[in-house]
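Participant:
Number of protein chains: 2
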Amino acid sequence: MGNTHVPATAKGRATRERILQAAAELLAEKGAAGMSLDDVRARTGASRSQLYHYFDDRDDLVRAVIDVTTDAVLGRQGELLDHLDSWAGIDRWFDFMVQHQIEQQARGGCPIGSLAGQLAENDSAARAAIGAGLDRWEAHLRDGLIRMKTRGKLRSDADPAALATATMASIQGGLLLTQVRRDPHQLRIALNAARNNLRLGAT
Amino acid sequence: MGNTHVPATAKGRATRERILQAAAELLAEKGAAGMSLDDVRARTGASRSQLYHYFDDRDDLVRAVIDVTTDAVLGRQGELLDHLDSWAGIDRWFDFMVQHQIEQQARGGCPIGSLAGQLAENDSAARAAIGAGLDRWEAHLRDGLIRMKTRGKLRSDADPAALATATMASIQGGLLLTQVRRDPHQLRIALNAARNNLRLGAT
DNA sequence: CCCAATTTGGACTTGACGGTCCAGTTGCGT
DNA sequence: ACGCAACTGGACCGTCAAGTCCAAATTGGG
Chain F
1185 MGNTHVPATA KGRATRERIL QAAAELLAEK GAAGMSLDDV RARTGASRSQ LYHYFDDRDD
1245 LVRAVIDVTT DAVLGRQGEL LDHLDSWAGI DRWFDFMVQH QIEQQARGGC PIGSLAGQLA
1305 ENDSAARAAI GAGLDRWEAH LRDGLIRMKT RGKLRSDADP AALATATMAS IQGGLLLTQV
1365 RRDPHQLRIA LNAARNNLRL GAT
Chain Z
1185 MGNTHVPATA KGRATRERIL QAAAELLAEK GAAGMSLDDV RARTGASRSQ LYHYFDDRDD
1245 LVRAVIDVTT DAVLGRQGEL LDHLDSWAGI DRWFDFMVQH QIEQQARGGC PIGSLAGQLA
1305 ENDSAARAAI GAGLDRWEAH LRDGLIRMKT RGKLRSDADP AALATATMAS IQGGLLLTQV
1365 RRDPHQLRIA LNAARNNLRL GAT
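Listed in order, the protein sequences are those of chains F and Z.
Those letters in the first sequence? Residues 1185 to 1387, per our numbering, in order.
Those letters in the second sequence? Residues 1185 to 1387, per our numbering, in order.
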């Protein structure tokens, strides 16, 4: 996977980055099926051979973009993700996501989750990449909850892994409803419920 | 929307039904972008002009299929949806969905929810149709919860609409995780959390 | 049974897209 | 500054998909 030419020169690296960047934008804007290589060409000013120089084919590019997108999502949430080991930290995280949807006017949903519905069923490599992205995300919360449990802030019979999974489901579902209904409040409702469920594990 | 020739003869109606049926299958199998009119032709033995006789264009067909799919999903859940006014009824509903995913080997996700990620962002008519479908679904739960509240099984300060929305989010998110991870247990975890949240409103 | 409306068959047009190929240019180590 | 590898430009090809068009067949009411 992604076993394509790793650029040897600085110029090559820059070109590869430009392509990935544009492809990521287009994937978010027009969906997986809607992004054409000509679109990418137009946006980057790159030529056809550049695309095929740095990526095996279209699918390879899409897979690479999934990884880049995951990095972007996790990066955007920044250090919030490192403080999911307190109720206040978790609340800040939830608030951030809702605020982000308000700013986006409820468009776009989750960049990773949206791709799931588009690619999971028919492209197993992409499904694996999306799964890995979701895992990385969920791991931050799970690890935070484990730390809370160690500190005695979670009951000893609480299951951090399951709590993290249930929370991810509320996030993804809440974002989906937000996207379809163009209403950020849908995410708020889902996250309030997720919070209630987490709190059931509190000491 | 869908203002296409309503068939005047029995034969015409049958043809239109065949087309819708095949298109619904293909949409579920290959995704919204993956379904081509030629696929539909091949599966129904219909000719090109039949497609354009009964539907304005591809988008019109897709929109019609969304409605048909909603009917199918609600129909499959049958009378379970009429008994969401007791904890036992809700549990039966949850169990049914998990069981269904086990039988499907965690493939396909939610037929409606999957379409959301594919169409919501770039086809506002489709988004409206999907939203209507989700609303119809959610309404069953909301109405059940309202009946429970009337009967005093839900606290007087409980918000049936919000509880129903949060539950829908857990369902959709749980199905998404199930699909990506090919593991029906993901839905189980999400629904357990949803159940916990609902129970917080119990008297 | 006849005719007008409905339905059907399928050739054709147009355009987009993924992918290949090769020749030309640039960058970099020696 | 030389030469090889890395990089780039863009013409070209095959395929496939959406949509148009018109003529033929079928249907059903009067």
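Quick reminder that beta carbons are idealized off the backbone N, C-alpha and C, glycines included.
1. Can you pull the chain Z residues whose beta carbon is under 7 Å from the beta carbon of Val-1364/F, in chain order?
2. Anything in the stretch 1274-1301 of chain F with a Cβ closer than 8 Å to a Cβ of chain Z? List those residues in chain order, please.
3. Measure the beta-carbon distance from Gly-1297/Z to Gln-1370/Z and round it to whole angstroms, keeping in mind my assumption that it falls under 8 Å.
4. To the nearest angstrom, how far is it from the Cα of Ala-1249/Z to the Cα of Thr-1193/F?
5. Rounded to the nearest angstrom, what separates Leu-1347/Z and Asp-1341/F at their Cα positions?
6. Just to check my reading of the structure: Leu-1389/Z and Trp-1321/Z have Cβ atoms closer than 8 Å, yes? What is that Cβ distance to the nearest angstrom?
7. Along the chain, where does the alpha helix (DSSP H) containing Lys-1363/Z start, and where does it finish?
8. Tell me, please, which residues DSSP counts as bridged to Leu-1338/Z.
9. Any beta carbon of chain F sitting closer than 7 Å to that of Gly-1385/Z?
10. Should Thr-1349/Z be flagged as near chain F, meaning a C-beta pair shorter than 7 Å?
11. Whether or not the stretch 1303-1312 of chain Z and the stretch 1362-1369 of chain F are in contact is what I'm after, with contact meaning three or more pairs of Cβ atoms, one per stretch, closer than 8 Å; do they touch?
12. Would you mind listing the alpha helix (DSSP H) stretches within the stretch 1221-1304 of chain F that are 4+ residues and don't spill past its ends, in chain order?
13. By Cβ distance below 7 Å, which residues in the same chain neighbour Ala-1290/F in space, the five residues on each side in sequence not counted?
14. What number of angstroms, rounded off, separates the C-alpha of His-1324/Z from the C-alpha of Arg-1383/Z?
15. Mind listing which residues of the stretch 1329-1346 of chain F have their C-beta closer than 7 Å to chain Z's C-betas, in chain order?
16. Please determine, among Gly-1229/F, Gly-1292/F, Thr-1254/F, the residue with the shortest C-alpha to C-alpha distance to Gly-1315/F.
17. Quick one: Cα of Ser-1231/F to Cα of Gly-1385/F, how far?
18. To the nearest angstrom, report how far apart Lys-1337/Z and Thr-1387/Z are at their CA atoms.
19. Cutting at 7 Å between CB atoms, please list the residues of its own chain near Ala-1216/Z, excluding the five before and the five after it.
20. Check this for me: beta carbons of Gly-1328/F and Leu-1268/F, under 7 Å apart or not?
21. Please classify Lys-1333/Z as buried or exposed, where buried requires at least 16 other C-beta atoms within 10 Å of its C-beta.
22. Express the C-alpha separation of Asp-1244/Z and Asn-1381/F in angstroms, rounding to a whole number.
23. Counting only Cβ-Cβ distances shorter than 9 Å, please list the residues of the stretch 1208-1223 of chain F near chain Z, keeping chain order.
24. On the criterion of 16 or more Cβ atoms from any shown chain inside 10 Å, does Gln-1288/Z qualify as buried, or is it exposed?
25. With a threshold of 8 Å on Cβ separation, who are the neighbours of Glu-1209/F within its own chain once the five nearest residues in sequence on each side are excluded?
26. Give me the Cα-Cα distance between Thr-1351/F and Pro-1344/F, rounded to the nearest whole angstrom.
27. At a CB-CB cut-off below 8 Å, which residues of chain Z make contact with Ala-1206/F?
28. Can you tell which of Pro-1191/F, Gln-1283/F, Trp-1271/F has its C-alpha closest to the C-alpha of Arg-1379/F?
29. Along the chain, where does the alpha helix (DSSP H) containing Thr-1199/Z start, and where does it finish?
30. So what's Asp-1327/Z in DSSP terms, helix, strand or just coil?
31. Could you check whether the Cβ of Gln-1261/F sits closer than 7 Å to any Cβ belonging to chain Z?
32. Using the C-alpha atoms, what's the distance from Lys-1214/Z back to Arg-1202/Z?
33. Please state the DSSP three-state secondary structure of Pro-1368/F.
34. Check whether chain F comes within 7 Å of Gln-1234/Z, counting only Cβ atoms and requiring the distance to be less than that.
Facilitator: In this structure, then:
1. Within chain Z, the residues whose beta carbon sits less than 7 Å from that of Val-1364/F are Ala-1300, Ala-1304, Arg-1311, Ile-1314, Gly-1315, Leu-1318, listed in sequence order.
2. Residues passing the 8 Å Cβ filter: Arg-1291, Gly-1292, Gly-1293, Gly-1297, Ser-1298, Leu-1299, Ala-1300, Gly-1301.
3. Contact doesn't hold; Cβ gap of about 14 Å is too wide.
4. Going by the sequence as given, residue 1249/Z is Val instead of Ala. Distance between Val-1249/Z and Thr-1193/F, taken at the CA atoms: about 50 Å.
5. C-alpha separation (whole angstroms): 26 Å.
6. Because residue 1389/Z is not part of the residues shown, which for chain Z are 1185 to 1387, the question remains open.
7. A small correction: the amino acid at residue 1363/Z is Gln; Lys does not occupy that position in the sequence shown. Looking at the DSSP string, the run of the alpha helix (DSSP H) that includes Gln-1363/Z is 1344-1365.
8. Answer by DSSP bridge pairing, in chain order: Ala-1386/Z.
9. No - not a single Cβ of chain F is within 7 Å of the one on Gly-1385/Z.
10. For Thr-1349/Z, the closest Cβ of chain F is nearer than 7 Å.
11. The answer is yes - the stretch 1303-1312 of chain Z touches the stretch 1362-1369 of chain F, with three or more Cβ pairs under 8 Å.
12. Fully enclosed alpha helix (DSSP H) runs of 4 or longer: 1221-1228, 1232-1238, 1242-1261, 1271-1287, 1295-1303.
13. Contacts found: Thr-1362, Gln-1363, Arg-1366, Asp-1367, Pro-1368.
14. Roughly 18 Å between the two C-alpha positions.
15. The residues in question are Ala-1346.
16. Ranked by Cα distance from Gly-1315/F, the options Gly-1229/F, Gly-1292/F, Thr-1254/F are led by Thr-1254/F.
17. One C-alpha to the other measures close to 55 Å.
18. Using only the alpha carbons, I get a separation of about 6 Å.
19. Excluding positions up to five away in sequence, the list reads Val-1246, Leu-1299, Gln-1302, Leu-1303.
20. Contact: yes.
21. Residue environment for Lys-1333/Z: buried (at least 16 other C-beta atoms within 10 angstroms of its C-beta).
22. Asn-1381/F and Asp-1244/Z have their alpha carbons spaced roughly 42 Å apart.
23. Shown in chain order are the members of the stretch 1208-1223 of chain F whose Cβ falls below 9 Å from a Cβ of chain Z: Ala-1212, Glu-1213, Lys-1214, Gly-1215, Ala-1216, Ala-1217, Gly-1218.
24. The residue in question, Gln-1288/Z, is exposed, as its Cβ has fewer than 16 Cβ neighbours within 10 Å.
25. Closer than 8 Å at the Cβ level, and outside the excluded window around Glu-1209/F, lie Arg-1227.
26. For the pair Thr-1351/F and Pro-1344/F, the Cα-to-Cα distance works out to about 10 Å.
27. Contact of Ala-1206/F with chain Z by beta-carbon distance below 8 Å is absent, the smallest such distance being about 18 Å.
28. Arg-1379/F has its Cα closest to that of Trp-1271/F, out of Pro-1191/F, Gln-1283/F, Trp-1271/F.
29. DSSP places Thr-1199/Z in the uninterrupted alpha helix (DSSP H) bounded by 1194-1218.
30. Asp-1327/Z sits in a helix when the DSSP states are folded into three classes.
31. Not an interface residue.
32. Their backbone Cα atoms lie some 18 Å apart in a straight line.
33. If DSSP states are grouped into helix, strand and coil, Pro-1368/F belongs with coil.
34. Closer than 7 Å: no.
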